[in-house]
């Protein structure tokens, strides 16, 4: 082997080493932070229904309409805005009875059903309003859910708490591993912030009103953050 060939063979590893080092990915650390903020609900959504029965469809409908008028009077007296009221699931259905001997079904009457969904922004009067619903003829309370009218500020607070949680974890791990946190490479919100009921608590209502539990809502957020790492 010539001297030139030997020199080239010796130089090849030295030339390859920097290229290999450049191909190594930069070290990073990825962590997830979570944040939770609790708040008392400031509104409720009530789904109430009314079913009336009569021999004829006309009689059942008239009875239902009369009761619904009274329900809307209750809503007006409670100061509920029209934009917070929605009717749904209106239906007229025949009622049947089966002859045990012949197996033939015949119509024995009619039932009319109508639902109303209401957003209540004054929770202090919620129990009184529900009691009035039943008094004027509502015979179904299908669902009561509690929420917040504006969650923007709470969501932002939960997100800030999630980022702070991730930062605290990252600094702890970096100190323990004897590395230095570099710049943040990426921040990704995981799943989005969501409200959920954390704890039920009895509302204070008047003695003659229907007792209602509102509870607390927890706004939760999760964030994934990736840092570049620098050796100490």
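Residue numbers (this note's numbering): 631 to 862.
Here a beta-carbon is modelled for each residue, glycine too, at the ideal position from N, C-alpha and C.
Where residue i falls, given that 16 or more other Cβ within 10 Å makes a residue buried
i           : result
residue 834 : No answer about residue 834 holds up, because its pLDDT of 36 lies below 50 and its placement is not dependable.
residue 656 : exposed
residue 654 : exposed
residue 735 : exposed
residue 711 : exposed
residue 728 : exposed
residue 688 : exposed
residue 850 : buried
C-beta contact flag for residue i and residue j at 8 Å
i           : j           : result
residue 671 : residue 739 : no
residue 743 : residue 719 : yes
residue 709 : residue 752 : yes
residue 771 : residue 678 : yes
For residue j and residue i, the rounded distance between their alpha carbons
i           : j           : result
residue 781 : residue 787 : 10 Å
residue 844 : residue 750 : 12 Å
residue 690 : residue 756 : 29 Å
residue 698 : residue 680 : 8 Å
residue 863 : residue 784 : Beyond the ends of the chain as shown, which are 631 and 862, falls residue 863; an answer cannot be given.
residue 811 : residue 663 : 16 Å
residue 793 : residue 817 : 9 Å
residue 714 : residue 724 : 32 Å
residue 779 : residue 799 : 33 Å
residue 855 : residue 795 : 11 Å
residue 763 : residue 802 : 57 Å
residue 683 : residue 819 : 52 Å
residue 717 : residue 668 : 32 Å
residue 726 : residue 694 : 20 Å
residue 804 : residue 813 : 13 Å
residue 860 : residue 748 : 57 Å
residue 769 : residue 732 : 35 Å
residue 666 : residue 692 : 50 Å
residue 707 : residue 741 : 28 Å
residue 806 : residue 754 : 52 Å
Option in the options with minimal Cα separation from residue i
i           : options               : result
residue 852 : 659, 791, 675 and 810 : 791
residue 758 : 664, 667, 676 and 660 : 676
residue 765 : 704, 805 and 775      : 704
residue 700 : 713, 746 and 714      : 746
residue 815 : 858, 805 and 798      : 858
residue 774 : 666, 674 and 658      : 674
residue 767 : 702, 722 and 686      : 702
residue 737 : 730, 706, 721 and 686 : 686
* Jot down the residue ranges of each uninterrupted alpha helix (DSSP H) in the stretch 708 to 795, minimum 4 residues, whole runs only, in chain order. => 756 to 766
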